[in-house]
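*Asks:*
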Amino acid sequence: MTDTIAKDCTELLARLGVDAALYTGGTLHSFSPVTGERTAELPEQDAAAVGATIGRAAVAFRAWRDVPAPRRGELVRLLGEELRASKADLGRLVSIEAGKSPSEGAGEVQEMIDICDFAVGLSRQLYGLTIATERPGHRMMETWHPLGVVGVISAFNFPVAVWSWNTALALVCGNPVVWKPSEKTPLTALASQAILDRALARFGDAPAHLSQVIIGGREAGEALVEDPRVALVSATGSTRMGRQVGPKVAARFGRSILELGGNNAGIVCPSADLDMALRAIAFGAMGTAGQRCTTMRRLFVHDSVYDALVPRLIKAYGSVSVGNPLTTQALVGPLVDKAAFDAMQSALAAAKTAGGTVHGGARVAEAGPEAAFYVKPALVEMPSQTGPVFEETFAPILYVMRYTDLAAAIEDHNAVGAGLSSSIFTTDLRESELFLSAAGSDCGIANVNIGTSGAEIGGAFGGEKETGGGRESGSDAWKGYMRRATNTINYSRALPLAQGVVFDI
Ligand code: UN1
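Each residue of the sequence shown is one higher than the one before, counting from 178 in the working numbering.
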């Protein structure tokens, strides 16, 4: 087993076009959660090197901002083509580094392709408004201009899709990107950069250093966050990380897009299609081993359907396949590391202390070697929303609670710090509309009869409160990557002042 993954990795990286010098003989050691074995030793960049990287990006910005947006879109079109060509290899590398099932590894690359397609169309639709003015012979409009260097900080669980959401938009919007991937998933970052490099070579005349990767730890991340030449920091990770990054960027009046924790819930109403709810909850709560920011972590089930649904769910938890994503078709892969396993076990212990009944949650030792952490997903029946239910534990734990009154359930639903994603399962129009209304879910994503995870790229992605308030991906999220100018043009021979002010000299 031991040599297999490292060898597999080296072959994939070679095929994907990554220079071996970038992942050999360095100080950052990367591991695969699939077996726990070391996959590479990457040379790291210190703060000074990060500064130089940002300097090169700032030079690239001056050239790229002048390239017409539809031509910038052509680069992203080529990126989409290269991603299609590399889908199988990059998807497998995602499985190696993040432990995702083959289908979810491939799905992550598909999400990259989708955002490229979206961004290509967008490159001809960076629309500004024309606005009625109060002055005769005047015209008012707004224009959208490139913003500057975009810094991307991404997490291990979507190691490449999150970069692509940011990069596809940043590039069409006229901005270069400097990317600091998670220390847990540096190889998929190098591979994505190599794929973009091929698109750049085909594109021909793009400025050098439009997209660069920083390999390093905390010091490198801080250098990126604190550098005033970085106009926008788009950071995905824990709320703890966001609490540090947000104020630092704000202190220098930079812009940030924060995609932080989620504590996402579903509500199952009396009229719900329970077969459908069961499948949606199973994917939302157990998929990606509970390591999505959109993972369903809490479930409120109406008293009248609790006994029809929850025992079936518990059965599904007991029978779900857990195993090596490279050698089996298991639906649930490993946790990312021992720290994730320990956090899961202590949350389960706290849930028991708070009166919870735990189903599942034990280690599946036979699924991998000692250094890999496979677990049975856990469903915990809780007497009420208390203790660890308020926290996001990045592992497959679903806390299930009974409710009788929908308005009270929505109150509980909204009573946590995070505000990313949410679902209601109902066939009653009044219930679904209440959930989607101003008095309903307080999350950035609110769904009906689908789970909390697996959002498409066409919508704006992000959430409120401790989730950070940022929006990425579709809809008009592109506006976060550009600066707006309001322009008033006087084509008359007079100079009327706004608000009727007179100033005759
Ligand atoms: C994340 O977990 O950081 O909606 C992103 C989803 C995916 C993206 C998740 N499209 O689950």
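By construction, the Cβ of each residue, glycine as well, lies at the ideal position given by its N, Cα and C atoms.
(1) Tell me which residue opens and which closes the alpha helix (DSSP H) that Phe518 is part of.
(2) Between Ile292 and Ala368, how many whole angstroms is the CB-CB distance? I'm expecting something under 8 Å.
(3) How far does the beta strand (DSSP E) with Gln389 in it reach, from first residue to last?
(4) Measuring alpha carbon to alpha carbon, tell me which of Ala520, Gly461 and Ala595 ends up nearest Ala632.
(5) In terms of alpha-carbon separation, which member of Ala485, Leu508, Pro502 and Gly325 lies closest to Ser496?
(6) Could you tell me whether the stretch 439 to 456 touches the stretch 545 to 554, using the rule of 3 or more Cβ pairs below 8 Å?
(7) Just to confirm, does Thr534 get its C-beta within under 8 Å of one of the non-hydrogen atoms of ligand 1?
(8) Whole angstroms is fine: what's the gap from Met289's alpha carbon to Trp342's?
(9) Any heavy atom of ligand 1 within a distance shorter than 8 Å of the CB on Ser415?
(10) Going along the chain, which residues of its own chain have a beta-carbon closer than 8 Å to the beta-carbon of Cys186, five neighbours each way excluded?
(11) Our contact map puts Leu219 next to Ile372 with C-beta atoms below 8 Å; I'd like the distance itself, whole angstroms only.
(12) Nearer than 8 Å: is that true of the beta carbon of Cys620 relative to any heavy atom of ligand 1?
(13) Count the CB pairs spanning the stretch 605 to 618 and the stretch 469 to 485 that are closer than 8 Å, and state whether there are at least three.
(14) With a threshold of 8 Å, are at least 3 pairs of Cβ atoms found where one atom belongs to the stretch 436 to 449 and the other to the stretch 594 to 605?
(15) When every heavy atom of ligand 1 is checked, does at least one fall within less than 8 Å of the C-beta of Glu643?
(16) From Leu306, Asp382 and Ala572, pick the residue whose C-alpha is nearest to that of Asp519; which is it?
(17) Rounded to whole angstroms, what's the CA-CA distance from Glu358 to Arg395? Just pull it up for me.
(18) Under three-state DSSP, which class holds Arg429?
(19) Let me know the secondary structure DSSP gives Ser496 once reduced to three states.
(20) Return the residue from the list Val211, Gly268 and Pro511 that minimises the CA-CA distance to Leu193.
(21) By the 10 Å Cβ neighbour count, where 16 or more other Cβ atoms means buried, how is Val426 classified, buried or exposed?
(22) DSSP state of Tyr668, grouped into three classes?
(23) Taking the Cβ atom as the reference point for each residue, do Thr181 and Gly545 lie within a distance shorter than 9 Å?
(24) Which residue's Cα is closest to the Cα of Gly398: Thr362, Asp382, Ile458 and Ser331?
(25) How about Asn352: is its C-beta nearer than 9 Å to some C-beta of chain D?
(26) Report the rounded CA-to-CA distance for Asp266 versus Glu259, giving the unit in angstroms.
(27) Quick one: what's Ala183 bridged to in DSSP?
(28) Measure the alpha-carbon distance for Ser523 versus Gly538 and round it to whole angstroms.
(29) Note down the Cα distance separating His685 from Gly431, rounded to an integer number of angstroms.
*Replies:* Per the coordinate set shown:
(1) Position 341 of the sequence shown, counted from the first residue, corresponds to residue 518. For Phe518, the enclosing alpha helix (DSSP H) covers residues Lys515 to Thr530.
(2) What you label residue 292 is simply residue 115 of the sequence shown in a count that begins at 1. What you label residue 368 is simply residue 191 of the sequence shown in a count that begins at 1. A Cβ-Cβ distance of about 17 Å is found for the pair Ile292 and Ala368, leaving them out of contact under the 8 Å criterion.
(3) For the purposes of this step, residue 389 is identified with residue 212 of the sequence shown, where counting begins at 1. Note, Gln389: beta strand (DSSP E), Ser388 to Val390.
(4) The count along the sequence shown starts at 1 and reaches residue 632 at position 455. Ala632 has its Cα closest to that of Gly461, out of Ala520, Gly461 and Ala595.
(5) In the sequence shown, the residue the question calls residue 496 occupies position 319. For the options Ala485, Leu508, Pro502 and Gly325, the alpha carbon positioned closest to that of Ser496 is the one of Leu508.
(6) In the pairwise beta carbon analysis, the stretch 439 to 456 is classified as not touching the stretch 545 to 554: fewer than three pairs are separated by under 8 Å.
(7) For this step, residue 534 is matched to residue 357 along the sequence shown. No, the Cβ of Thr534 stays beyond 8 Å of every heavy atom of ligand 1.
(8) As a first step, residue 289 must be located in the sequence shown, where it is residue number 112. As a first step, residue 342 must be located in the sequence shown, where it is residue number 165. So the alpha carbons of these two residues sit roughly 7 Å apart.
(9) As a position in the sequence shown, residue 415 is number 238, starting the count at 1. Answer for Ser415: no, Cβ out of range of ligand 1.
(10) Here residue 186 is taken as the residue at index 9 of the sequence shown, counted from 1. Only Ser209, Thr216, Ala217, Leu270, Ile273 and Leu364 meet the Cβ criterion.
(11) Here residue 219 corresponds to residue number 42 of the sequence shown, with the count starting at 1. Here residue 372 corresponds to residue number 195 of the sequence shown, with the count starting at 1. The Cβ separation is near 18 Å, so there is no contact.
(12) For the purposes of this step, residue 620 is taken as the residue at position 443 of the sequence shown. Outside the cutoff, so no.
(13) The stretch 605 to 618 makes no contact with the stretch 469 to 485, as fewer than three CB pairs between them are under 8 Å.
(14) With a cut-off of 8 Å, the stretch 594 to 605 and the stretch 436 to 449 count as touching, because enough Cβ pairs lie within range.
(15) Here the question's residue 643 lines up with position 466 in the sequence shown. No, the Cβ of Glu643 stays beyond 8 Å of every heavy atom of ligand 1.
(16) Working through the sequence shown from its first residue, we reach residue 519 at position 342. Comparing alpha carbon positions, the residue from Leu306, Asp382 and Ala572 closest to Asp519 is Ala572.
(17) By one-based count along the sequence shown, residue 358 stands at place 181. By one-based count along the sequence shown, residue 395 stands at place 218. According to the sequence shown, residue 358 is Pro rather than Glu. Near 11 Å, if we compare the C-alpha coordinates of Arg395 and Pro358.
(18) In the sequence shown, counting from the first residue as 1, residue 429 sits at position 252. Under the three-state reduction of DSSP, Arg429 is assigned to coil, being neither helix nor strand.
(19) For the purposes of this step, residue 496 is taken as residue 319 along the sequence shown, with counting starting at 1. Helix, per DSSP.
(20) For the purposes of this step, residue 193 is taken as residue 16 along the sequence shown, with counting starting at 1. For Leu193, the nearest C-alpha among the options comes from Gly268.
(21) Along the sequence shown, one-based indexing puts residue 426 at 249. Flag for Val426 reads buried.
(22) By 1-based counting over the sequence shown, the position of residue 668 is 491. Three-state result, Tyr668: coil.
(23) Stepping through the sequence shown from its first residue, residue 181 is reached at position 4. Stepping through the sequence shown from its first residue, residue 545 is reached at position 368. Their beta carbons are not under 9 Å apart, which means Thr181 does not touch Gly545 by this criterion.
(24) For the purposes of this step, residue 398 is taken as residue 221 along the sequence shown, with counting starting at 1. For Gly398, the closest alpha carbon among the candidates Thr362, Asp382, Ile458 and Ser331 is that of Ser331.
(25) No chain D is present in this structure, which holds just one protein chain.
(26) In the sequence shown, counting from the first residue as 1, residue 266 sits at position 89. In the sequence shown, counting from the first residue as 1, residue 259 sits at position 82. As the crow flies, the alpha-carbon of Asp266 is around 12 Å from that of Glu259.
(27) Against the sequence shown, residue 183 aligns to sequence position 6. According to DSSP, Ala183 bridges with nothing at all.
(28) In the sequence shown, the residue the question calls residue 523 occupies position 346. In the sequence shown, the residue the question calls residue 538 occupies position 361. The alpha-carbon atoms of Ser523 and Gly538 are separated by roughly 11 Å.
(29) Within the shown structure, residues of the chain are numbered from 178 to 682, placing residue 685 beyond reach of any answer.
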